[in-house]
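These protein sequence lines map, in sequence, to chains U and Z.
When you line the first sequence up against my numbering, it's residues 744 to 1031, in that order.
When you line the second sequence up against my numbering, it's residues 744 to 1031, in that order.
Where a beta carbon is used, it is the ideal one built from N, C-alpha and C, also for glycine.
2 protein chains.
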Amino acid sequence: MAYLDHIHACNNADLSRYARFRIDTLPVGAVRPEFAAALIRLGEDFFVRDENGDYGFAPHILTVADRNQILVKATETLCQQGVIKHLHGEKFDIRNHVSDEPLCQLDRFAMPYFGCRSWGVHMNGFVRKPDGIHMWGAKRAMDKPTYPGMLDNMVAGGQPTGLGFRENMIKECAEEAGIPSGLAANITAIGTVSYLYETNEGLKPDVMVNFDLELPEDFIPQCTDGEVERFDLLPIADVAEIVRTGFDFKFNCALVVIDFLIRHGHLTADNEPSYCELVTGLHRAFEL
Amino acid sequence: MAYLDHIHACNNADLSRYARFRIDTLPVGAVRPEFAAALIRLGEDFFVRDENGDYGFAPHILTVADRNQILVKATETLCQQGVIKHLHGEKFDIRNHVSDEPLCQLDRFAMPYFGCRSWGVHMNGFVRKPDGIHMWGAKRAMDKPTYPGMLDNMVAGGQPTGLGFRENMIKECAEEAGIPSGLAANITAIGTVSYLYETNEGLKPDVMVNFDLELPEDFIPQCTDGEVERFDLLPIADVAEIVRTGFDFKFNCALVVIDFLIRHGHLTADNEPSYCELVTGLHRAFEL
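#1: Using C-beta distances below 7 Å, list every residue in its chain close to Arg775/Z, excluding the 5 sequence neighbours before and after it, in chain order.
#2: I'd like to know whether the C-beta atoms of Asn754/Z and Leu939/Z end up nearer to each other than 8 Å.
#3: CB Asp864/Z to CB Gln902/Z, shorter than 8 Å?
#4: If you pair each beta-carbon of the region 1010-1021 of chain U with each one of the region 912-921 of chain U, do three or more pairs fall below 8 Å?
#5: Does any residue of chain U bring its CB to less than 8 Å from the CB of Phe994/Z?
#6: Considering Cα atoms alone, identify which of Gly875/U, Lys816/U and Arg765/U is closest to Glu960/U.
#7: For Arg1006/Z, go through chain U and note every residue whose CB falls closer than 8 Å to its CB, in chain order.
#8: Tell me whether Leu1031/U is buried or exposed, calling it buried when 16 or more other Cβ atoms sit within 10 Å of its Cβ.
#9: Name, please, each residue of chain Z whose Cβ falls closer than 8 Å to the Cβ of Phe908/U.
#10: Alpha carbon to alpha carbon, what distance is there between Tyr856/U and Asp850/U?
#11: So, for Phe852/U: in the same chain, excluding its five sequence neighbours on each side, which residues have a beta-carbon less than 6 Å away from its beta-carbon?
#12: Three-state secondary structure (DSSP) at Val982/Z?
#13: Would you give the residue range spanned by the beta strand (DSSP E) that Arg871/Z belongs to?
#14: What are the start and end residues of each continuous alpha helix (DSSP H) run of 4 or more residues lying completely inside the region 797-824 of chain U, in chain order?
#15: Does His751/Z have its Cβ less than 8 Å from a Cβ in chain U?
#16: Would Arg871/Z pass as an interface residue toward chain U - the criterion being a Cβ-Cβ separation below 8 Å?
#17: For Ala928/Z and Ala779/U, what's the separation of their Cα atoms in angstroms?
#18: Give the range of the beta strand (DSSP E) segment to which Glu957/Z is assigned.
#19: Using the rule of at least 16 other Cβ atoms within 10 Å of the residue's Cβ for burial, across every protein chain shown, is Ser842/Z buried or exposed?
#20: Report the neighbours of Thr904/Z on chain U: residues whose CB is nearer than 9 Å to its CB, in chain order.
#21: Tell me which same chain residues have a C-beta within less than 7 Å of the C-beta of Val1022/Z, skipping the five on either side of it?
#22: CB-CB under 6 Å to Val807/Z, same chain, minus the five flanking residues each way: which ones, in chain order?
#23: Would DSSP call His877/U helix, strand or coil?
#24: Using a Cβ-Cβ cut-off of 8 Å, state whether Cys859/U counts as contacting chain Z.
#25: Where does Thr818/U land, buried or exposed, given buried means 16+ other C-beta within 10 angstroms?
#26: Where does the unbroken alpha helix (DSSP H) through Ile783/Z begin, and where does it stop?
#27: Got a sec? Which residues, its chain only, sit under 7 Å from Gly796/Z by beta carbon, not counting five neighbours each side?
#28: With a CB to CB cut of under 6 Å and the five nearest residues on each side skipped, what residues in its chain are close to Asp1002/Z?
#29: Between the beta-carbon of Ala756/U and the beta-carbon of Glu941/U, is there less than 8 Å?
#30: Assuming contact is defined by CB atoms lying nearer than 8 Å, are Phe790/Z and Tyr798/Z in contact in what I supplied?
#31: Output the distance between the C-alpha atoms of Ile837/U and Tyr890/Z, rounded to the nearest integer angstrom.
#32: By DSSP, does Pro855/Z sit in helix, in strand, or in coil?
#33: I'd like the span of the beta strand (DSSP E) that includes Thr931/Z, first residue to last.
#34: Only counting the same chain, and skipping five residues up and downstream in sequence, which positions put a Cβ closer than 6 Å to that of Ala932/U?
#35: So, using beta-carbon positions, are Met897/U and Arg883/U closer together than 8 Å?
#36: Please classify Leu805/U: is it buried, with 16 or more other beta-carbons within 10 angstroms of its beta-carbon, or exposed?
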């Protein structure tokens, strides 16, 4: 296999299987036929299908508060019916751009069913040693509901309603790895990585907003909230080899590592045949 | 205006105006109707139009050497005819991916007429001072044939046949800014920026292969080869403001600066409304 296989794995979605989900005239998501049918079965006070075959809220649902009320009722009912497997409790904003006002809020675990864009924050923790860069990685706890036991970036989290990205990243640094806020204040925003991924639940058109954090050699992260089994510090070449040769990393975290390898000069146009395709593949735009 | 306007300015090409240029069955470029007609006027020993309306070499032109011979004859004739304005003398490889074997070589100034992909190297020279990052910029000489007097990255150059990217970047560092090879050896590959630009001459589907170079505070670049009138070291916020508010930078160099601003945390998801669109816009993939 090759680095490029991770780009393909994270961009496995076949949009032809989906119908649009709109709010007013704005496409904000994409639903599978079976989920769309479940939405319609909730009754015409909830969701409707328009003449174009697009799905959306019933016409009398006009405000953010109206939409939120309907979404809470709908997701709870669909969860009782087994259509949605689990709810998370944490809410994500529905919007197409981070600068847009949120159109409503939806349970984090319901996001892929509606196929709405979501944002997360990922942090590359690294140490500069005499022999080069070493990267911190996390092994996800075996009892995590999603991707148990897989490798992860040092710190990562979803972007919930009402927080800034930097603020959220610093909060996650404390919660997931015990990084004190004074040290976490050194995080540097370094860009995004985006992908269009399809799961059993639905569509994930996701953007990861990423940060680097250079750490002192003597800093040891702590598994604070139980989401991580173990942190390991590895030479950058070893991390690269893990990514290049397998799928040990959670699907999207592999992309964040590849982006780090590119930005820090480990992969170059002279040593990686797919260098240019990796850079464009990590940063794809998508329309829903 | 806004940072995003630079993305739009560099992606102004209307591909519907172009016909494909193929080598065997591989699309490698795109030609405007008037240039395509000039190719056909050279005679059927040179170029032909196929049943799909695509253009390519005459059927007996089969090897790299054959193609190179025809391209030299064709570009010289077209230059005498005034169809191609100038030739440069330096050759660029024709290929679709940096890892492909070159299919032939073409004069650098003839590249946009054939609309073939080309690669360049750009270097962000910067200094870390107590008050933050300062960036070196270059003002192009007033007698340069292209974009005279415009602002440029500290060092940049086309990617000629037969050199590695890193090797080329180090060579340009010496030629354009008098950076000794010992210092230039500290360049770090940091990714690419790509765009699909249209000029009076034709199409530029270009990839810039970029490097950062952190310089000591006391290093002063020298205008070695006369291509640069002046180098200036400015606080990153001043460089950002020049880019945000105007088109003083050469079109593609503005993108390299925006990429630097993003990778070094000057622009973030919290302070720039178009952050996510800038990142995807800087790294677009394109098919010819």
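Taking the structure as given:
#1: Answer for Arg775/Z: Arg760, Tyr761 and Gly945, listed in chain order.
#2: With respect to the 8 Å criterion, Asn754/Z and Leu939/Z are classified as neighbours on the basis of their beta carbons.
#3: Looking at the sequence itself, residue 864/Z is Val, so the reference to Asp does not match. Yes, the pair counts as a contact, with Cβ atoms nearer than the cut-off.
#4: The count of Cβ pairs closer than 8 Å, one atom from the region 1010-1021 of chain U and one from the region 912-921 of chain U, stays below three, leaving the stretches out of contact.
#5: No, its Cβ sits nowhere closer than 8 Å to a Cβ of chain U.
#6: Of the listed residues, the one whose Cα sits closest to Glu960/U is Gly875/U.
#7: Simply Ile933, Gly934 and Arg1006.
#8: By the neighbour-count rule (16 or more Cβ atoms within 10 Å), Leu1031/U is buried.
#9: Result: Thr1011, Ala1012 and Asp1013.
#10: Cα-Cα distance, rounded: 11 Å.
#11: Within the same chain, His829, Leu830 and His831 come within 6 Å of Phe852/U by CB-CB distance, once the 5 residues on both sides are set aside.
#12: Judged by DSSP in its simplified three-state form, Val982/Z adopts helix.
#13: Start and end: Ser861 to Lys872.
#14: If we require 4 residues or more, the alpha helix (DSSP H) runs fully inside the region 797-824 of chain U come out as 807-823.
#15: No, no contact with chain U.
#16: It does not: the Cβ of Arg871/Z has no partner Cβ on chain U nearer than 8 Å.
#17: So the alpha carbons of these two residues sit roughly 57 Å apart.
#18: Counting along the chain, Glu957/Z sits inside the beta strand (DSSP E) bounded by residues Leu946 to Glu957.
#19: Ser842/Z should be labelled exposed.
#20: Counting only Cβ-Cβ distances below 9 Å, Thr904/Z has no contacts in chain U at all, with the closest Cβ about 15 Å away.
#21: Listed in chain order, the non-local C-beta contacts of Val1022/Z below 7 Å within the same chain comprise Ile1005, local neighbours out to five positions each way being set aside.
#22: For Val807/Z, where only same-chain residues beyond five positions count, the Cβ hits under 6 Å are Cys847.
#23: If DSSP states are grouped into helix, strand and coil, His877/U belongs with the strands.
#24: It does not; no Cβ of chain Z falls within 8 Å.
#25: Answer is buried; the Cβ neighbour count reaches 16.
#26: Per DSSP, Ile783/Z is one residue of the alpha helix (DSSP H) stretching across Pro776 to Arg784.
#27: So the qualifying residues of the chain are Ala762.
#28: Taken in chain order, the residues that qualify are Val936 and Leu1025.
#29: Their beta carbons are under 8 Å apart, which means Ala756/U touches Glu941/U by this criterion.
#30: When the beta-carbon positions are compared, Phe790/Z and Tyr798/Z come within less than 8 Å of each other.
#31: Rounded to the nearest angstrom, the two C-alpha atoms are 44 Å apart.
#32: Three-state DSSP puts Pro855/Z in a helix.
#33: Where Thr931/Z is concerned, the enclosing beta strand (DSSP E) starts and stops at Thr931 to Glu941.
#34: Within the same chain, Ala932/U has close Cβ partners Phe954.
#35: Using a Cβ distance threshold of 8 Å, Met897/U and Arg883/U do not count as a contacting pair.
#36: Exposed, by the Cβ-count rule.
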